[in-house]
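Below is one structure, written out as structure tokens, with a few remarks after it.
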Amino acid sequence: MQSPSDSGIPAEPVAPTESGRPELSRRKLFGAVGVTAAVVGAASAGAMAGRSTAASVDTGLQNPVPFRGIHQAGIVTAAQDRMHFATFDVVTDKRDDVVAMLKQWTTMAERITQGHEAVEHGALGLNPYAPPADTGEALGLPASALTLTIGFGPSFFRKDGKDRFGIAAHAPEHLVDLPKFRNEKLDPARCGGDIVVQACANDPQVAVHAIRNLARVGFGTVAVRYSQLGFGRTSSTTRQQSTPRNLFGFKDGTANLKAEDTAAIDKNVWVGASDGPAWMTGGSYLISRRIRMLIESWDRTTLVEQERVIGRQKGSGAPNGYQDEFAALDFDSKGADGNPMIDVDSHVRLASPEQNNGIQILRRGYNFTDGSDGFGHLDAGLFFIAYVRNPATQFIPLQHQLSANDALNEYITHTGSAIFACPPGLREGSSDYWGSTLFG
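Residue numbers (the working numbering): -7 to 432.
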């Protein structure tokens, strides 16, 4: 699926940080490894001072993002360059075990996002004859703007008709499996999940380390259902980030919601007190879609046809008929042949708020390449992630529109799908843990 903003697929630019400073390369980072501990220690001390949202802090390559706040980090936080997305199935019916794991995860997540080991001295351990409490691959690496965002799927509340943890009555009305859309070839192994953890960072090793350690300590309570590595953010989530370019070569997400647009974010992303249930107030709904891009077919398509399908120019990113990337979409302009400059079935037209009763969503997906499919074709595309306040009135009608009419459907196929309810952030100085608003 794609966003109401525009080209609904991913991209990978070189973007400035929220402070405007250019990001360090990984090579330069390792050249400075000798001072890493001092940098991380100083940054961590200041970072925990508090935030109203994650968008208000500097998220350069090395800096930590505060873990606690009104909302979870990793939603409106400046989109990092790498992602490790993992879903888990709960393998026990014992509520106390699930709560204990969520508390342990919270403690570990807070440490890891601040650039520390999951457990103090965990990689070296106190007993050389016991497994280390931290896997150790992130030792010496900075926090890399790591954010960890958790959500709960429909099956977490009720599975096979069973209320496993006594929380079925608290399931949000809108937390239901997504309906069937056209142009889907969904792989059940890449769909659903009881719990999701989205790890985003500017260093892939830091993101993988986080998921690896949460999965390790969750053994016996949860098991990984599926995971996805992503590179190159698909869109900008702050005004200071440049527009990325997707695997089709087009700028992507030009009109995406930005963290600084607080009124629009409040309207379209955060669950309000009147929306219900109470435990979700300040949270959001995460929708993921694994979108296979038919790279080889696209690469044999003429430039003029590519630009017609997208509705934007490949070089500048401007709407067809214009030169400025950020020019307003003009659906009335016509070319010399009398046809609309932005085609009636082009992606940007069909995904725009103007064509969807004002619908807007916050996109936060990533490119992926998972090798080849065994037939000489790349298994590559967009791992689409969106955050919305109400899936029923935002994502679902938008995706119905796109799946039925979008010219881009000739070049993409949806192969994975899921929806999760992400609770609000954790209060500073509290004993809140992931899911505490739900479990009480």
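Glycine included, C-beta positions come from ideal geometry on N, C-alpha and C.
- Take residue 392, set aside five residues on each side of it, and the residues of its chain with a beta-carbon closer than 7 Å to its own are 173, in chain order.
- The C-beta of residue 137 has 16 or more other C-beta atoms within 10 Å across all chains shown, which makes the residue buried.
- Between residue 325 and residue 317, the CB-CB gap reaches or exceeds 7 Å.
- The C-beta distance from residue 404 to residue 286 rounds to 7 Å, short enough to meet the 8 Å contact threshold.
- For residue 210, same chain residues with a beta-carbon under 8 Å away, outside a window of 5 residues either side, are 80, 93 and 97 in chain order.
- Each of 199, 76, 170 and 340 was checked against the Cα of residue 107, and the nearest Cα belongs to 199.
- Distances from the CA of residue 338 to each of 178, 201 and 400 were compared; the closest alpha carbon is that of 400.
- In this model, residue 140 and residue 428 are separated by some 16 Å (Cα to Cα).
- According to DSSP, residue pairing for residue 215 in a beta bridge involves 81.
- The same chain holds no residue with a CB closer than 7 Å to that of residue 119 once the five nearest residues on each side in sequence are set aside.
- With fewer than 16 neighbouring CB atoms inside 10 Å of its own CB, residue 113 falls in the exposed class.
- Contact annotation: residue 178 and residue 409 have beta-carbon atoms nearer than 7 Å.
- In terms of Cβ geometry, residue 374 and residue 283 form a close pair [threshold 7 Å].
- The shortest C-alpha to C-alpha distance from residue 101 to any of 90, 69 and 60 is the one to 60.
- Short of 8 Å from the beta carbon of residue 204, and not among the five residues preceding or following it, lie these beta carbons of its own chain, in chain order: 127 and 129.
- Judged by DSSP secondary structure, residue 89 falls within the alpha helix (DSSP H) whose first and last residues are 87 to 105.
- Bounds of the beta strand (DSSP E) holding residue 359 are 358 to 364.
- At a cut-off of 4 residues, the continuous stretches assigned as alpha helix (DSSP H) that sit fully inside the stretch 318 to 349 are 339 to 343.
- Shown here, residue 289 sits in a helix according to DSSP, grouped into three states.
- By the criterion of a C-beta distance shorter than 8 Å, residue 219 is surrounded in its chain by 76, 77, 78, 79 and 203, once the five residues flanking it on both sides are discounted.
- Remark: C-beta atoms of residue 302 and residue 367 do not approach each other more closely than 7 Å.
- In its chain, beyond the 5 residues on either side, 300 have a beta carbon closer than 6 Å to the beta carbon of residue 335.
- If only uninterrupted alpha helix (DSSP H) runs of at least 4 residues are considered, those enclosed by the stretch 199 to 268 are 254 to 260.
- Per DSSP, the unbroken alpha helix (DSSP H) holding residue 428 starts and ends at 428 to 431.
- Exposure of residue 292 is indicated by the presence of fewer than 16 other C-beta atoms within 10 angstroms of its C-beta.
- Around the CB of residue 315, fewer than 16 other CB atoms lie within 10 Å, so the residue is classed as exposed.
- When rounded, the separation of the alpha-carbon atoms in residue 221 and residue 372 is 11 Å.
- Secondary structure of residue 176 (DSSP, three-state): strand.
- For residue 185, the closest C-alpha among the options 395, 362 and 279 is that of 279.
- Counted as a single uninterrupted DSSP element, the beta strand (DSSP E) harbouring residue 406 occupies residues 404 to 414.
- Counting only the Cα atoms, residue 234 lies some 35 Å from residue 266.
- Remark: C-beta atoms of residue 354 and residue 394 do not approach each other more closely than 7 Å.
- A straight line joining the alpha-carbon of residue 180 with that of residue 151 spans about 16 Å.
- Membership of residue 301 in any beta strand (DSSP E) is not indicated; the residue belongs instead to the alpha helix (DSSP H) covering 295 to 302.
- Annotation for residue 111: 100, 103, 125 and 126 place their beta carbon closer than 8 Å to its own, counting only its chain and skipping 5 residues before and after.
- Our two residues, residue 306 and residue 376, have alpha carbons roughly 21 Å apart in a direct line.
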